[in-house]
Amino acid sequence: MSELRKVKTAVVGCGMISNIYIRNLKNLFSIIDLAAICDINRTAAEEKAKIYGIDRIMSVDEVAESAEIELVVNLTGPAAHYDVIKRMLLAGKHVFTEKMMTTDLEKGRELVALAEEKGLYLGVAPDTILGAGLQTARKVMDAGMIGEVTSCVVSINRNQSMNSEMFRFLRSEGGSLPYDVGIYYVAALLSLLGPVESICAFGEQAPVHKHQLLFQEETQDSWQIPGYNLMTGTLKFRNGVLCSVHFNGNTISSEQSMIILFGTEGILKVGDPNQFNGFVKLIKPEGGECLIPHSHGYNGASVLPEPSPFDGYGHRGVGAAEMAWAIRKGRKNRCSKEYGLHCMEILCGMESSADTGKVYRVQSDFEIKPLRSGYYSTMEGSRGDAELSLVE
Ligand SMILES: NC(=O)c1ccc[n+]([C@@H]2O[C@H](COP(=O)([O-])OP(=O)(O)OC[C@H]3O[C@@H](n4cnc5c(N)ncnc54)[C@H](O)[C@@H]3O)[C@@H](O)[C@H]2O)c1
């Protein structure tokens, strides 16, 4: 492994989520050489460079023009994603982007075609699908423990308008609950059940929100999150599974995360797909609910010394590292552009069905292989073999 050339990487976008990415990319994955960080607001990059000991700050132009940077990890807000991804692909960089790739399906298709044409990798979060919880769920399903899946139910809720007081990017395109959080549920389903064939859905907008948090400095008196903030619908998967979807951003933030898969031989309950360590519970015709131990590593627990307040965000960055291995090995990456586009088409398809009252037929396709098992060792001073699971 030590002879392998590391992938020179730059992070673009030094906001809230960059804390965990920078920490993990710098320290956790031997395949990544985090060479520089960048933000349109240089002060933001300077702050993170100081906290995480990064030697080099680049401007966006410098990243694009750099001969040494091979991979750009795009952590800007969704509204900036299209421009940043396109710019970096045109500059010949591989790109791994935080979700959503874009919120406009045509632009998503354009980016996928551009990466294809240029022979570049384009990877898309959420990479929680590579975490211990969802990989274990996949293993249980691949082992046939619930037989053939016939249906499933997913649900998540938050007060998205209240959350947008704190997280301002939620007030722009991509900030509604289905795009910001529902995407984790869509991604989890796709990683377990494969591609979707058709969609029907209904939607409601967020209410106009009046500024409420007095301690938060604010320039807007009121705003409305764009798009549908509440959506219900049905997904028909290509393998025949029927899935009820409920994403409600117009309620309270006491999250009632739910993913339940009903099979001919059992029922599987899967924990929060926005975490790396979601539970996996199996129910068979006789006996009660049984908690399945994680069959994989990347369970979100920090293995780095000196805990940081952002460790709760888990193993974010694992998708970029898995892609870096794919680049060096010349194989397909798991959080691929096709997977990202399909995730996006599900959400855009729900929106389209809610707009038109018609069933939306999905066009895109993808495939995703499970990871092999690999754990971090609990022995002091040893990193264990978790990263080995990302190699093939
Ligand atoms: N905050 C979270 O809890 C969280 C969790 C998971 C995923 N995400 C995703 O991560 C992404 C970033 O979220 P965040 O919370 O860090 O947002 P943020 O608003 O805190 O940070 C975004 C940063 O990008 C910079 N930026 C904007 N446009 C730019 C451009 N064109 N070039 C360079 N820099 C630019 C901004 O100056 C800002 O510093 C989003 O896609 C979000 O969906 C966020």
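My numbering puts the first residue of the sequence shown at -15, with every later residue one more than the last.
Even glycine gets a Cβ: it sits at the ideal position worked out from N, Cα and C.
Here the structure is a predicted model, which is why all the values come from computation and not from measurement.
Run through the stretch 275 to 330 for me and flag every whole alpha helix (DSSP H) of 4 or more residues, listed as ranges in chain order. 302 to 313
M146 in three-state terms, based on DSSP: helix
So what's Y169 in DSSP terms, helix, strand or just coil? helix
Rounded C-beta distance between L331 and V96? I'm assuming under 8 Å. That pair is no contact at about 16 Å.
What residues are listed by DSSP as bridge partners for E273? I267
Just to check, is the beta-carbon of F294 closer than 7 Å to a non-hydrogen atom of ligand 1? no
Pull up the DSSP beta-bridge partners for G247, would you. V133
Hey, is L59 close to ligand 1, as in C-beta under 7 Å from one of its heavy atoms? yes
Short Cβ contact (8 Å threshold) for I69 with P110: no
Could you check which residue in M85, E371, K(-10) and T248 has the C-alpha nearest to that of E54? K(-10)
Closer than 8 Å by C-beta to E31: which residues in its own chain qualify, once you throw out the five before and the five after it? Chain order, please. C(-2)
Would you call I21 buried or exposed, if buried means 16 or more other Cβ atoms sit within 10 Å of its Cβ? buried
Tell me the start and end of each unbroken alpha helix (DSSP H) in the stretch -15 to 25 that is at least 4 residues and wholly inside, in chain order. 2 to 11
Are the stretch 141 to 149 and the stretch 227 to 237 touching by the rule of at least three beta carbon pairs closer than 8 Å? yes
From G128 to P277, what distance separates their C-alpha atoms? 17 Å
Range of the contiguous alpha helix (DSSP H) that encloses V68: P62 to L74
Restricting to Cα atoms, I'd like to know which of T248, S373, I24 and Y212 is closest to D317. Here residue 317 is Asn; the residue named in the question, Asp, does not match the sequence. Among T248, S373, I24 and Y212, the Cα nearest to that of N317 belongs to S373.
Quick check: does the Cβ of D164 come within less than 7 Å of any heavy atom belonging to ligand 1? yes
Following the continuous alpha helix (DSSP H) through A185, name the residue where it begins and the one where it ends. Counting along the chain, A185 falls outside any alpha helix (DSSP H), though it belongs to the beta strand (DSSP E) covering V180 to Q189.
I'd like to know whether the C-beta atoms of C327 and V225 end up nearer to each other than 8 Å. no
Verify the contact flag: V170, CB atom, against every heavy atom of ligand 1, threshold strictly below 7 Å. no
For G358, collect the residues of the same chain with a Cβ closer than 6 Å to its Cβ; drop the 5 residues on either side in sequence, then sort them by chain order. G281, D369, A370, L372 and S373
Could you tell me whether the Cβ of A305 comes closer than 8 Å to any Cβ of chain B? The structure shown contains no chain B; it holds only a single protein chain.
Which first and last residues belong to the alpha helix (DSSP H) in which T120 is found? A116 to D126
Any idea if A51 is buried or exposed, counting beta-carbon neighbours within 10 angstroms, 16 or more meaning buried? exposed
Using the C-alpha atoms, what's the distance from P269 back to T81? 42 Å
Please go through the same chain and pick out, in chain order, the residues whose beta-carbon is closer than 6 Å to the beta-carbon of G61, but skip the five residues on each side of it. F153
Measuring CA to CA, which of L177, D17 and V124 is closest to Y323? L177
Thinking G284 and F260 are a contact (beta carbons under 8 Å), I'd like their distance in whole angstroms, please. 3 Å
With a threshold of 7 Å on Cβ separation, who are the neighbours of K123 within its own chain once the five nearest residues in sequence on each side are excluded? S279 and P354
Determine which residues share a DSSP beta bridge with Y212 and list them. Q189
Is it the case that the stretch 8 to 17 contacts the stretch 300 to 317, given that we only count it when at least three CB pairs across the two stretches are under 8 Å? yes
Tell me the residue span of the beta strand (DSSP E) that contains E89. In the sequence on display, residue 89 carries Leu and not Glu. No beta strand (DSSP E) holds L89; the alpha helix (DSSP H) holding it covers L89 to K102.
Count the other C-beta atoms from every protein chain shown that fall within 10 angstroms of the C-beta of T203, then say buried if there are 16 or more, exposed otherwise. exposed
DSSP on Y344, reduced to helix/strand/coil? strand
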